[in-house]
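All remarks here apply to the structure that follows.
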Amino acid sequence: MKKFSILGLFIFALISLNSCKTEDDVVFVTDNNGELAFTNSFSAEYVLTPQTSGNLGERFTWEDASVDVPTNITYQLQKSITGDFTDAETVGATTGNEIAITIGDMLGYAAEAGLDSDPETEAPNTGEVSFRLRSFIGDGGEENFSSTASLTVVLPEATDVTAVCEFDELYGVGHALSQTRWTWDNSPKFVCSGNGVYKANVHLTAYSGNDDGNFRFFTVPTDWASGRNYPWYADAGYTIDANLVNAQDGDSNFRFVGTTGEYLLTIDDVNKTITLGEPEAIGTCEFDALYTVGAAITQTGWTWDNPADY
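Shown next, in the form of structure tokens:
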């Protein structure tokens, strides 16, 4: 009887060990065949210019893929110039839910597609770039793809139309304009950059109790009688940036009351506005700006503290 009991326990142990081994061999298979789709809204077309290359072009978003058990999923944003993804290229990858591309990225894709903005060439200035989302489990596991999104990109064609303004340029003089102060040595020129629109990138010094924040515009260089002060524009119905006020000094100059720094100052004679904004490249040049230093440059001398930019 004792021998029988020992034999029974031995058989039970073998069965238990086999059961544990069987459970360890179970493989959980995840399903990556759920719907995968972009959730962002696309624009009818994307106008691409070098001046805006640093701006956001598009932000692609999506929901998490649906799988049976928690697991790591990688998402890849792929682009195709041909549209059938035989030339698929991954432009970004993440385990999150969004990937952004810039206007600069899209300009590169447009170049790959053979687009250009020159009206003299046969190459088109409009075309499509296709995108899709690929998801896969683990390291190269089961993959899934979204539907294709084809984005229309446009390169505005260059024109020879010349902007028309009352004057070719306006001039700024005053202590607020760091590069010139109250002299004509290096007065900034507000160039005609559009019909009735004058622009210049300037360094403005804020008012601090003297006349250091004051300036006005002139239509003729070195001619003090050609000045246009704050009331000249206000009386003509212009809406003027809140950081520019009437100095109420002897000449009723403009007074800059914002934060000292670089600004794009725009005078729009059509919409009757004077605005301040972020500096930008004006016109088509090899460089966005050139910089000068030296004893002849009032605002900086031989230092890089405040170089004059053109």
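In terms of the working numbering, the sequence shown opens at residue 1 and continues consecutively.
Where a beta carbon is used, it is the ideal one built from N, C-alpha and C, also for glycine.
Whole-angstrom distance between Ile274 and Gly194, CA atom to CA atom:
On the sequence shown, position 194 is the one that residue 194 refers to. On the sequence shown, position 274 is the one that residue 274 refers to. Each residue's alpha carbon lies about 14 Å from the other.
Phe218 vs Ser226 beta-carbon contact at 7 Å:
Working through the sequence shown from its first residue, we reach residue 218 at position 218. Working through the sequence shown from its first residue, we reach residue 226 at position 226. Yes, the pair counts as a contact, with Cβ atoms nearer than the cut-off.
Quick check on DSSP: helix, strand or coil for Thr52?
Counting from one through the sequence shown, the residue named residue 52 turns up at place 52. In the structure shown, Thr52 sits in a helix (DSSP, three-state: H, G or I).
At a cut of 8 Å, does the segment 64-84 reach the segment 176-183 through at least three beta carbon pairs?
no
With 16 other Cβ atoms within 10 Å as the buried cut-off, status of Ala37
Numbered from 1 along the sequence shown, position 37 holds the residue referred to as residue 37. Looking at its Cβ environment, which holds fewer than 16 other Cβ atoms inside 10 Å, Ala37 is exposed.
Bridge partners of Asp268, per DSSP?
The count along the sequence shown starts at 1 and reaches residue 268 at position 268. Asp268 pairs with Val197, Thr273.
Checking 7 Å against the spacing of the C-beta atoms, do Gly213 and Ala206 come in under that value?
Translated into the one-based positions of the sequence shown, residue 213 becomes position 213. Translated into the one-based positions of the sequence shown, residue 206 becomes position 206. In this structure, Ala206 lies closer than 7 Å to Gly213 by Cβ.
Determine the burial state of Ile62: buried for a count of at least 16 other Cβ atoms within 10 Å of its Cβ, exposed for fewer.
Residue 62 sits at position 62 when you count from the first residue of the sequence shown. Looking at the sequence provided, one finds Trp at residue 62 rather than Ile. It is buried - the Cβ of Trp62 has at least 16 other Cβ atoms within 10 Å.
For the 8 Å Cβ check, are there 3 or more pairs between the segment 138-145 and the segment 179-194?
no
Expressed to the nearest angstrom, what Euclidean distance is found between the alpha-carbon atoms of Gly294 and Gly261?
The residue labelled residue 294 in the question sits at position 294 within the sequence shown. The residue labelled residue 261 in the question sits at position 261 within the sequence shown. Cα to Cα, Gly294 sits roughly 20 Å from Gly261.
Of all the options Asn246, Gln248, Gly250, Leu264, which has the alpha carbon lying nearest to the alpha carbon of Tyr198?
Stepping through the sequence shown from its first residue, residue 198 is reached at position 198. Of Asn246, Gln248, Gly250, Leu264, the residue nearest in Cα terms is Leu264.
Suppose you measure from the CA of Asp251 to the CA of Arg181; what does that come to, to the nearest Å?
As a working mapping, residue 251 is identified with position 251 in the sequence shown. As a working mapping, residue 181 is identified with position 181 in the sequence shown. C-alpha separation (whole angstroms): 15 Å.
In the segment 124-192, which residue ranges form an unbroken alpha helix (DSSP H) of at least 4 residues, counting only runs that do not cross its ends?
none
At the level of alpha carbons, what is the spacing between Thr95 and Ala65?
As a first step, residue 95 is located in the sequence shown; it is residue number 95 there, counting from the start. As a first step, residue 65 is located in the sequence shown; it is residue number 65 there, counting from the start. Answer to the nearest angstrom: the Cα atoms are 11 Å apart.
By how many angstroms is the C-alpha of Val129 removed from the C-alpha of Val153?
Within the sequence shown, numbered from 1, the residue matching residue 153 stands at position 153. Within the sequence shown, numbered from 1, the residue matching residue 129 stands at position 129. Using only the alpha carbons, I get a separation of about 7 Å.
Using only CA atoms, which one of Gly172, Ser150, Arg228 lies nearest to Thr82?
By 1-based counting over the sequence shown, the position of residue 82 is 82. The candidate whose alpha carbon is nearest that of Thr82 is Ser150.
Do you know whose CA, among Leu155, Tyr75, Val91, Leu133, lies nearest Ser53's CA?
As a first step, residue 53 is located in the sequence shown; it is residue number 53 there, counting from the start. The option with the nearest alpha carbon to Ser53 is Leu155.
Going by DSSP in three states, Glu58 sits in which element: helix, strand or coil?
Numbered from 1 along the sequence shown, position 58 holds the residue referred to as residue 58. Three-state DSSP puts Glu58 in a strand.
Could you compute how far the alpha carbon of Ala110 sits from the alpha carbon of Glu58?
For this step, residue 110 is matched to residue 110 along the sequence shown. For this step, residue 58 is matched to residue 58 along the sequence shown. Distance between the alpha carbons of Ala110 and Glu58: 14 Å.
Run of the alpha helix (DSSP H) containing Leu107, from where it starts to where it stops
Here residue 107 refers to the residue found at position 107 when the sequence shown is read from its first residue. Unbroken alpha helix (DSSP H) run through Leu107: 103-112.
Quickly, what does DSSP pair Leu290 with across the bridge? List them, please.
Within the sequence shown, residue 290 is the residue found at index 290, counting from 1. Answer by DSSP bridge pairing: none, since Leu290 is not bridged.
By the 10 Å Cβ neighbour count, where 16 or more other Cβ atoms means buried, how is Gln78 classified, buried or exposed?
Position 78 of the sequence shown holds residue 78. Answer is buried; the Cβ neighbour count reaches 16.
Would you report the Cα separation of Cys192 and Arg132, rounded to the nearest angstrom?
Numbered from 1 along the sequence shown, position 192 holds the residue referred to as residue 192. Numbered from 1 along the sequence shown, position 132 holds the residue referred to as residue 132. Whole-angstrom Cα-Cα distance: 44 Å.
Relative to the alpha-carbon of Asp211, which residue among Asn201, Thr239, Asp249 has its alpha-carbon at the smallest distance?
Against the sequence shown, residue 211 aligns to sequence position 211. Asp211 has its Cα closest to that of Asp249, out of Asn201, Thr239, Asp249.
If contacts are defined as beta-carbon pairs under 8 Å, then Phe256 and Asn246 qualify, I think. What distance do you get, rounded to the angstrom?
Here residue 256 corresponds to residue number 256 of the sequence shown, with the count starting at 1. Here residue 246 corresponds to residue number 246 of the sequence shown, with the count starting at 1. Contact doesn't hold; Cβ gap of about 12 Å is too wide.
Output the distance between the C-alpha atoms of Asn306 and Glu142, rounded to the nearest integer angstrom.
For the purposes of this step, residue 306 is taken as the residue at position 306 of the sequence shown. For the purposes of this step, residue 142 is taken as the residue at position 142 of the sequence shown. Their backbone Cα atoms lie some 58 Å apart in a straight line.
Restricting to Cα atoms, I'd like to know which of Asn271, Ala44, Leu170, Asp116 is closest to Pro50.
Looking up residue 50 in the sequence shown gives position 50. Ranking the options by Cα distance to Pro50, first place goes to Asp116.
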